[in-house]
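Numbering (my numbering), first residue to last: 1412 to 2014.
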């Protein structure tokens, strides 16, 4: 049995990715200011999610059968977009499709750092000054089209992301943009990246301008099949069939058929370098959050994420098991403060809005009751978030930073002192100049309680005299929601979303003015300096880096361009016939190890 240090949890994938559930399915009635969580001093008592009480490995002692097929649910209220390439994808649904056929070239240890101690497609050697890495592709690693994986494929992924015509969002990551010669290549001044040297068919060297302590946890981990992409110009790849339906990877399963947006059929890749998978095939299909529980109980689905609105503390399914883990993710509410300047390649915080006032943003943060959301909508599977450095990064998350808690009286006091008064007596405060304020709040349709949760936030803001309305009076579909966020739609003032952070604690790729993922378009010199310090050469000293990230966490609380709302536990449902499936990190588990103990699932 082939063993490698990569696992399903490593949808890390070392880049910052969007997560489907802006406020994913929950349960319970619509919350209000008296929904069961009190404010003031009691509101400061945070019960943060640090570990899951659920098992991480399925229990099945039966003898496995040879071959077989499983059905996997992509639990989503929207079709997957179908951008099936690591360089270009943005949404979690596409990532779930990618996971089954396309994998990183590196192996990972229990600390999510690349390692040579496990079987993987490539090995590496880091120079003493931490500025150059030499990567060697192992023999016997083949793309699904039969071509060998080569050093040129890995180098090509950087040429895609750094290209002047690149239409994705990953160039802002410092471990990409700081490569020697990348800036000149990105500006169109040269066709070569001087810091990327393809030594031979199997070896490539990458050199950075500065040493970065995130290199082992944050280096780009994906190769691009250069021969497969052929003559397709990089500027046209995002719409090419080469990354939508005619796709290749080198993972344990290869794509046999795609019904765009709906389903993917995979078959075992017999030439997989880690050995032929135990299963013959896998079928992944989109299933609505509202029906997934029924689909699991009927045996139509073998593996699925399990929405919080379907979970109850005394729920004990008979034909499937619930596994759980602390998610490397958080939910948040953000204020739209500016726009992305494509020509400059940076955010500009210039929107004409009262939300530029940090005191108004602070008041809106104190007005919301995230403890009530966690309790009444998520059955204890969420907890109030205090900082933007999540507890997943236990070395850097600072639990002593208070963050924001429910205190509507404090919110009102802040507004009064800042000059926001109800001038005309209609129950809503005007701005400092006496003009009416009405803010549009955008949120996604990701489950039956998405709207009640959004309306709860709107009601809490209403309670302190801030008029907020749901954008266009409705929730928005996942893909169109993020299209509008990315394009800085002027109709959106505030939005609710979530991030999966990956496994690198460096927040630069989300909150630097040079990062496209900085959707609030927050620009602040102190923020930029702290982010730069956090991955500087000095940050190889752990205590220094921790001090920097403590300061950064407090800075983001003090300036509140984003309100972190919830830390998360996610559940997975696994049919009793499935064997050798785990969420454990730092193990040798891979998708090729999954087996079944009967032809048909338990019902």
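Quick reminder that beta carbons are idealized off the backbone N, C-alpha and C, glycines included. Note that the structure is predicted; figures quoted are calculated from it, not measured.
Chain-order list of residues whose beta-carbon lies under 8 Å from that of residue i (same chain, five-residue window excluded)
i            : result
residue 2086 : Nothing about residue 2086 can be reported from this structure: the residues present for the chain run from 1412 to 2014 only.
residue 1540 : 1622
residue 1677 : 1511, 1512, 1664, 1665, 1666, 1667, 1692, 1693, 1694, 1695
residue 2077 : Residue coverage of the chain in this structure runs from 1412 to 2014, which leaves residue 2077 outside it and unanswerable.
residue 1598 : 1575
residue 1841 : 1831, 1832, 1833, 1834, 1835, 1847, 1848
Supposed close pair residue i, residue j - CB separation, criterion 8 Å
i            : j            : result
residue 1915 : residue 1531 : At roughly 18 Å, the Cβ-Cβ gap does not stay under 8 Å, so residue 1915 and residue 1531 are not in contact.
residue 1982 : residue 1717 : 4 Å
residue 1696 : residue 1674 : 4 Å
residue 1509 : residue 1495 : 6 Å
residue 1587 : residue 1573 : 7 Å
For residue i, the three-state DSSP class (helix, strand or coil)
i            : result
residue 1823 : helix
residue 1448 : The predicted model places residue 1448 with a pLDDT of 31, which falls under 50 and marks its position as unreliable, so this point remains unresolved.
residue 1892 : helix
residue 1887 : strand
residue 1871 : helix
residue 1855 : strand
residue 1975 : strand
residue 1783 : helix
residue 1980 : strand
residue 1995 : coil
residue 1659 : coil
residue 1513 : coil
residue 1708 : helix
residue 1905 : strand
residue 1920 : helix
residue 1988 : coil
residue 1669 : strand
residue 1750 : strand
residue 1759 : strand
residue 1534 : strand
residue 1505 : helix
residue 2023 : Not covered by the structure: residue 2023. The range shown for the chain is 1412 to 2014.
Cutoff 6 Å; reference residue i; Cβ partners in own chain excluding five residues on either side
i            : result
residue 1714 : 1483, 1985
residue 1799 : 1967, 1975
residue 1774 : 1822, 1825, 1826
residue 1638 : 1558
residue 1879 : 1850, 1852, 1869, 1872
residue 1843 : 1830
residue 1704 : 1721
Run of the beta strand (DSSP E) containing residue i, from where it starts to where it stops
i            : result
residue 1717 : 1714 to 1717
residue 1570 : It is not in any beta strand (DSSP E) - residue 1570 instead sits in the alpha helix (DSSP H) that spans 1562 to 1573.
residue 1674 : 1674 to 1679
residue 1614 : 1614 to 1618
residue 1797 : Where residue 1797 is concerned, there is no enclosing beta strand (DSSP E), given that its DSSP letter is neither H nor E.
residue 1585 : Per DSSP, residue 1585 belongs to no beta strand (DSSP E); it is in the alpha helix (DSSP H), 1585 to 1588.
Spatial neighbours of residue i in its chain, beta-carbon cut-off 7 Å, leaving aside the 5 residues before and after
i            : result
residue 1634 : 1516, 1560, 1564, 1565, 1568
residue 1627 : 1524, 1525
residue 2013 : 1710, 1730, 1986, 1987, 1988
residue 1643 : 1651, 1653
residue 1556 : 1639, 1659
residue 1547 : 1533, 1534, 1613, 1614
residue 1961 : 1809
Boundaries of the alpha helix (DSSP H) in which residue i is found, first to last residue
i            : result
residue 1963 : 1953 to 1970
residue 1940 : 1936 to 1945
residue 1628 : 1626 to 1629
Requested in this report: Kindly confirm or deny that the region 1777 to 1792 and the region 1946 to 1954 touch, where touching means at least three C-beta pairs closer than 8 Å.
Outcome: Taking 8 Å as the limit for Cβ pairs, the verdict is that the region 1946 to 1954 does not touch the region 1777 to 1792.
Report task. For the region 1864 to 1872 and the region 1890 to 1897, state whether three or more C-beta atom pairs, one from each stretch, are separated by less than 8 Å. Result -> Because the criterion of three Cβ pairs below 8 Å is not met, the region 1864 to 1872 and the region 1890 to 1897 do not touch.
**Report entry** Sufficient close CB pairs (3 or more, under 8 Å) joining the region 1816 to 1836 to the region 1773 to 1786
**Finding:** Contact between the region 1816 to 1836 and the region 1773 to 1786 is present, with at least three C-beta pairs closer than 8 Å.
Requested in this report: Determine, using beta-carbon pairs with one atom in the region 1493 to 1507 and one in the region 1577 to 1595, whether at least three such pairs fall under 8 Å.
Outcome: Judged by pairs of C-beta atoms under 8 Å, the region 1493 to 1507 touches the region 1577 to 1595, as three or more such pairs exist.
Query - Sufficient close CB pairs (3 or more, under 8 Å) joining the region 1698 to 1709 to the region 1853 to 1861 - result: Yes: at least three Cβ pairs fall under 8 Å.
Query - Three CB pairs or more closer than 8 Å across the region 1920 to 1939 and the region 1752 to 1759 - result: They touch, by the three-pair rule.
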